[in-house]
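Have a look at the structure below, then the notes.
In our numbering, the protein residues as written are 1226 to 1406.
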């Protein structure tokens, strides 16, 4: 875009402006300052320096992040199973094995809680399903269910097998009316 904005620009000036804008767009300005002090000549050299500095910076991050846990300063004796734990005065460093053990314990605890909760939910759903089935079966087994169309027990008029397109009910009622007269 710089080349389109300034078509007659010298190549070295173009590189300097491109490098300056690229470095000003970096989220970490300390990184941009470190790269700028190396005085890169081309954009490729700048990109290589930025990549190298980011790699070094990220590589050092992982080694310096040791969590410290303060211990109580009581003089009581405790039997610690973790012999790899380094002590420095009143502070104790968390080793990788202790951190992994803590992670495993948390995972087991959470798994137990989740299994328990899922079991309770499944049990509740089964109870609800059984109650619904009982209610449906009680409705279906009512002895007083009688069809008003054909006067037979065991089904309702909407499910009547003798009914034909709604005309059968009309015939039955007209026949009864003619017999009653």
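Idealized CB from N, CA, C, for every residue including glycine.
Remember, it's a predicted structure, so these values are computed and weren't measured experimentally.
Mapping the DSSP letters down to three states, classify residue i as helix, strand or coil.
i, result
"residue 1358", "helix"
"residue 1371", "strand"
"residue 1300", "Per-residue confidence for residue 1300 stands at a pLDDT of 49, beneath the threshold of 50, marking its modelled position as unreliable; the derived number appears in the next sentence. Correct three-state label for residue 1300: coil."
"residue 1315", "Note on residue 1315: pLDDT 49, under 50, position unreliable in the model; the coordinate value appears next. Residue state, collapsed to three classes: coil."
Please confirm whether residue i and residue j have their CB atoms less than 8 Å apart.
i, j, result
"residue 1268", "residue 1243", "yes"
"residue 1263", "residue 1279", "no"
Do you know how far the Cα of residue j is from the Cα of residue i?
i, j, result
"residue 1253", "residue 1265", "18 Å"
"residue 1374", "residue 1380", "10 Å"
"residue 1334", "residue 1351", "26 Å"
"residue 1229", "residue 1238", "14 Å"
"residue 1339", "residue 1328", "16 Å"
"residue 1260", "residue 1276", "10 Å"
"residue 1285", "residue 1346", "47 Å"
"residue 1258", "residue 1247", "12 Å"
"residue 1332", "residue 1236", "59 Å"
"residue 1205", "residue 1371", "The requested residue 1205 is not part of the displayed model; the chain covers only 1226 to 1406."
By alpha-carbon positions, which one of the options ends up nearest to residue i?
i, options, result
"residue 1245", "1283, 1272 and 1383", "1272"
"residue 1270", "1241, 1255 and 1281", "1241"
Inset, instruction - Any chance you could list the alpha helix (DSSP H) runs of at least 4 consecutive residues sitting entirely within the segment 1232 to 1272, in chain order? - result: DSSP runs (the alpha helix (DSSP H)) wholly in the segment 1232 to 1272: 1236 to 1249 and 1254 to 1262.
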